[in-house]
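First residue of the sequence shown? That's 0 in numbering that gives the first Met the number 0, and the numbers climb one at a time after it. Built from N, CA and C at the ideal position, the CB exists for glycine as well. Each remark here refers to the structure printed beneath this line.
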Amino acid sequence: MLRILIADSSLTARKTLASVLENASCEVVGEANTAAHCLSLAAALNPQIICVDPTFSDRSDAGLLAELHAQQPKAVILVLSGGMDEAMVKTALASGVAGFIVKPYSADKVLTALRAAVLKVVKQART
Numbered sequence: 000m001l002r003i004l005i006a007d008s009s010l011t012a013r014k015t016l017a018s019v020l021e022n023a024s025c026e027v028v029g030e031a032n033t034a035a036h037c038l039s040l041a042a043a044l045n046p047q048i049i050c051v052d053p054t055f056s057d058r059s060d061a062g063l064l065a066e067l068h069a070q071q072p073k074a075v076i077l078v079l080s081g082g083m084d085e086a087m088v089k090t091a092l093a094s095g096v097a098g099f100i101v102k103p104y105s106a107d108k109v110l111t112a113l114r115a116a117v118l119k120v121v122k123q124a125r126t
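Right under this line is the structure:
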């Protein structure tokens with residue numbers, strides 16, 4: 000079972016995503032509502048996948064993504080976003096992000112991103 004951390008300032012967004020992931024037989028190991036909480040939970044829980052909306056007020060987007068990647072280099076990071084411009088996408092990818100889930104969520108969007116993340120987790124487990 001995949002161990003997933005969800006980090007989003009919106010309780011509704013976290014609960015919606017958690018419901019989709021749990022229905023797909025994933026284990027949501029934690030939910031964070033700030034960047035600091037996300038980093039703390041990631042360190043404590045060691046999730047395989049981190050779904051994060053990096054637009055927290057307590058840290059810059061790129062700073063959080065780079066810090067998460069440095070702290071959890073084996074975790075697959077998926078960005079939750081309502082919209083990103085090209086520069087933000089490039090910065091996110093350079094920070095170690097593996098993919099994106101565009102808001103508003105649909106089960107299809109989440110599961111497509113999750114499948115790609117699962118392939119990365121499997122590849123990492125083999126190395």
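query: G98 burial status per 10 Å Cβ neighbour count (16 or more: buried); result: buried
query: Neighbourhood of Q123 by C-beta distance below 6 Å, restricted to the same chain and skipping five residues each side; result: K73
query: Pair within 8 Å by beta-carbon distance, V19 and A106; result: yes
query: Residues near E66 by beta carbon distance below 7 Å, same chain, minus five either side; result: L38
query: Reference C50, options L110, S56, A93, closest by Cα; result: L110
query: Alpha helix (DSSP H) segments (min. 4 residues) lying fully within the region 72 to 114; result: 85 to 93
query: D84 versus N32 - alpha carbon distance; result: 23 Å
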